[in-house]
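Residue numbers (the working numbering): 180 to 651.
As structure tokens, then:
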């Protein structure tokens, strides 16, 4: 523990003003919750006034959420804290100098997973902005999911370079990874346990002071910065592995002409002390910002933060990377199911009209980051299909026309393919869908176990579904 930093903290007093960089799915709800804490006086959300995202500034300051889809309580909370003048969004990064604590919630994608090099461009820009205006005694927290070793490595180096201050002596530095899911952002931040890892004990204590008032059910779990980085990347990597296990089992069930969901229910029936064999749901692929990349952050962490040689079977692939490959394969399998179903009606992909239902990667949300729908659509277009896309929540996507009227998308289609489990798709009627399609043998392919295949087969459809070897 640095006596110097502790003395600076004591002189500065408790955290009152908080800055949040990154007005997205993580930063907006986090900032609103900070602003709702009585002991915090002011929260500033920092947002570049760019052509692509500058619109968020006015929306947030008017108490409106720029996030679409269902986010219970978020817009009400935004109105409350903006009306109270406790939360403000600004493009003026010089105001970082006013803050007692600054958090960064900025995306960290991989431009090319093959080379295991993350695209930290936006995060580095954010860290530099913080460093330029950093004052002694400020707490800086990375909430972004990062490669293990980043906080006490790259982030620390940039902050020190830009500020002329020393981490652990002049300012506090920590990693407190976000653990949220779209559709339940506020609930997750308040109720999930919060991982907090400082580069030293003083930094950890200051970060605990920042996050504790926001928690309603969750508790703080303190650890080192690197351990916190591994915790976040590993929990997402493990979930990706679990999904891959379900997807592979679903493929096995299809091959053996049995129902995956019968097998899943049978396995889940074994319960008792010390028994945990819960199997996740298979599907058309894994999307989003986290699971599609965090395996590679963890793998790269061995290169960045590993202090001793990794002892692992020689020439064996990482099971985590193999899981990523299985999940990335599922859109191609959806293409094969579509091709097979059309062939049963005497048609080919080429020249067929395919109605895709769902573009977002998650149910009842507008989150379309890395959607598995995209590679599936690419395969269809490459094969010569006419493709239309419906999504009730996604307003736009680069180079993809997304329709809001499902009827116009389904009309005259040769095949309807469900890629996302949006609530309205569970209400699909075989008679209505068949009438819109206008085909004697309409095709429906279900990638999310949304429809009852028996009902649709009885209604005259050719059906294919993930894991449904019994009816495929």
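Where a beta carbon is used, it is the ideal one built from N, C-alpha and C, also for glycine.
Look at residue 364 here: in three-state DSSP terms it is helix.
Judged by DSSP in its simplified three-state form, residue 305 adopts helix. According to the DSSP secondary-structure assignment, residue 438 is paired through a beta bridge with 647. With fewer than 16 other CB atoms across the displayed protein chains lying within 10 angstroms of its CB, residue 529 is exposed.
Taking a C-beta distance under 9 Å as the contact criterion, residue 259 and residue 215 qualify as a contact pair. Taking all protein chains in view, the Cβ of residue 605 is surrounded by fewer than 16 other Cβ atoms within 10 Å, so the residue is classified as exposed. Around residue 394, the same chain offers 369, 373 as residues with beta carbons nearer than 7 Å, after the five sequence neighbours per side are excluded.
According to the DSSP assignment, residue 403 belongs to the beta strand (DSSP E) that extends over 399 to 403. For secondary structure counted as the alpha helix (DSSP H) over 4 or more consecutive residues, the segment 610 to 647 holds these complete runs in sequence order: 632 to 637. Counting along the chain, no alpha helix (DSSP H) covers residue 277, and no H or E run does either.
Between residue 408 and residue 329 a beta carbon distance of about 6 Å is seen, short of the 8 Å cut, so the two are scored as contacting. Contact between the segment 468 to 486 and the segment 423 to 435 is absent: fewer than three C-beta pairs spanning the two stretches fall below 8 Å.
Judged by DSSP in its simplified three-state form, residue 269 adopts strand. Going by C-alpha positions, residue 287 is about 20 Å away from residue 577. Counting other Cβ atoms within 10 Å of its Cβ, residue 308 reaches 16 or more and is therefore classed as buried. In this structure, residue 198 lies near residue 280, with their beta-carbon atoms less than 9 Å apart. Looking at the DSSP output, residue 297 sits in a beta bridge with 289. Note: residue 333 is not bridge-paired with any residue in the DSSP secondary-structure output.
Straight-line spacing of the CA atoms in residue 537 and residue 269 works out to 34 Å. When DSSP reads this structure, residue 576 sits in a beta bridge with 579. Taking the Cα of residue 417 as reference, the smallest distance to any Cα among 458, 398, 385 is reached at 458. DSSP places residue 512 within a helical segment (H, G or I) once states are collapsed to three. Only residues of its own chain outside the window of five on either side were considered, and among them 625, 642, 644, 647, 650 have a CB closer than 8 Å to the CB of residue 632, listed in chain order. When the beta-carbon positions are compared, residue 371 and residue 359 come within less than 9 Å of each other. DSSP places residue 227 outside any alpha helix (DSSP H), giving it a letter other than H or E. Positions of the beta strand (DSSP E) runs, each at least 3 residues long and wholly inside the segment 189 to 229, are given as 196 to 200, 221 to 225 in order along the chain. A direct Cα-to-Cα measurement between residue 608 and residue 504 gives close to 35 Å.
Nearest to residue 498 by C-alpha distance, out of 381, 420, 523, is 420.
Here residue 207 really is in contact with residue 244; their C-beta atoms are around 7 Å apart, less than 8 Å. It is roughly 21 Å from the alpha-carbon of residue 488 to the alpha-carbon of residue 403. Per the coordinates, the alpha-carbon of residue 612 lies some 12 Å from the alpha-carbon of residue 630. In this structure, residue 513 and residue 579 do not form a Cβ contact; the two beta carbons are roughly 17 Å apart against a cut-off of 8 Å.
Rounded to the nearest whole angstrom, the CA to CA distance from residue 252 to residue 211 is 11 Å. Closest in C-alpha terms to residue 397, from the list 636, 593, 366, 343, comes 366.
Per DSSP, residue 371 lies in no alpha helix (DSSP H) segment and is marked neither H nor E.
Annotation: the continuous alpha helix (DSSP H) that includes residue 481 extends over 473 to 484.
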